[in-house]
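In the numbering used here, the protein residues as written are -16 to 112.
The C-beta atom is built at its ideal place from N, Cα and C for all residues, glycine as well.
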Amino acid sequence: MPKRILLWLAYFCFLGLLTYLSLTPIAAKSLPPIPYFDKLAHTGFYLLLQGLFSLALFFENRSGTRTLVWGSAFFHIFYGTVIEVIQANLVPGRFGEWQDGLANTLGVLIGVLLSFKLMKRFNKENEKN
-16 MPKRILLWLA
-6 YFCFLGLLTY
4 LSLTPIAAKS
14 LPPIPYFDKL
24 AHTGFYLLLQ
34 GLFSLALFFE
44 NRSGTRTLVW
54 GSAFFHIFYG
64 TVIEVIQANL
74 VPGRFGEWQD
84 GLANTLGVLI
94 GVLLSFKLMK
104 RFNKENEKN
């Protein structure tokens, strides 16, 4: 199976998993007692989400990839914000917090920056070959 199809499949599976985990009620005591663990988890999940999308776009090998990556970043930030609002208002046992939204945004932005760095590196290697 081509790499690009696997990346898109991984992205959509992860998006579904993230949505499910975000909208499933949990007991607060089930979280590890590590300070700021949930904020690190939010950052990591959204970094991975953005990274998978960016890599899938890169392997599509189209022009305008950077613009599409930024567009996807705005979508993922919006998605994370909507999830937080839904948690705050509709999911029992879940609490939407602006700090979680900030951690989501940070993860997306780190994902964008890392993907641009990887794209630049891949492009340099391809130019040498």
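- request: Quick one: using the 10 Å Cβ neighbour count with 16 as the cut-off for buried, is glutamine 82 buried or exposed?
  value: Working through the sequence shown from its first residue, we reach residue 82 at position 99. Exposed, because fewer than 16 other Cβ atoms sit within 10 Å of the Cβ of glutamine 82.
Review point. Using the C-alpha atoms, what's the distance from leucine 35 back to glutamate 43?
Key: Position 60 of the sequence shown, counted from the first residue, corresponds to residue 43. Position 52 of the sequence shown, counted from the first residue, corresponds to residue 35. Distance between the alpha carbons of glutamate 43 and leucine 35: 12 Å.
Item to check | Whole-number beta carbon distance between phenylalanine 20 and methionine 102, since they are thought to touch under 8 Å | outcome: Locating residue 102 in the sequence shown gives position 119, where the first residue counts as 1. Locating residue 20 in the sequence shown gives position 37, where the first residue counts as 1. That pair is no contact at about 31 Å.
- Query: On the premise that isoleucine 60 lies in contact with valine 91, defined as a C-beta separation below 8 Å, what is that separation, rounded to the nearest angstrom?
  - Reply: Residue 91 sits at position 108 when you count from the first residue of the sequence shown. Residue 60 sits at position 77 when you count from the first residue of the sequence shown. Going by Cβ atoms, the distance from valine 91 to isoleucine 60 rounds to 5 Å, so yes, they are a contact pair.
As an exercise, report each continuous alpha helix (DSSP H) stretch of at least 4 residues that is fully enclosed by the stretch 44 to 92, in chain order.
48 to 73
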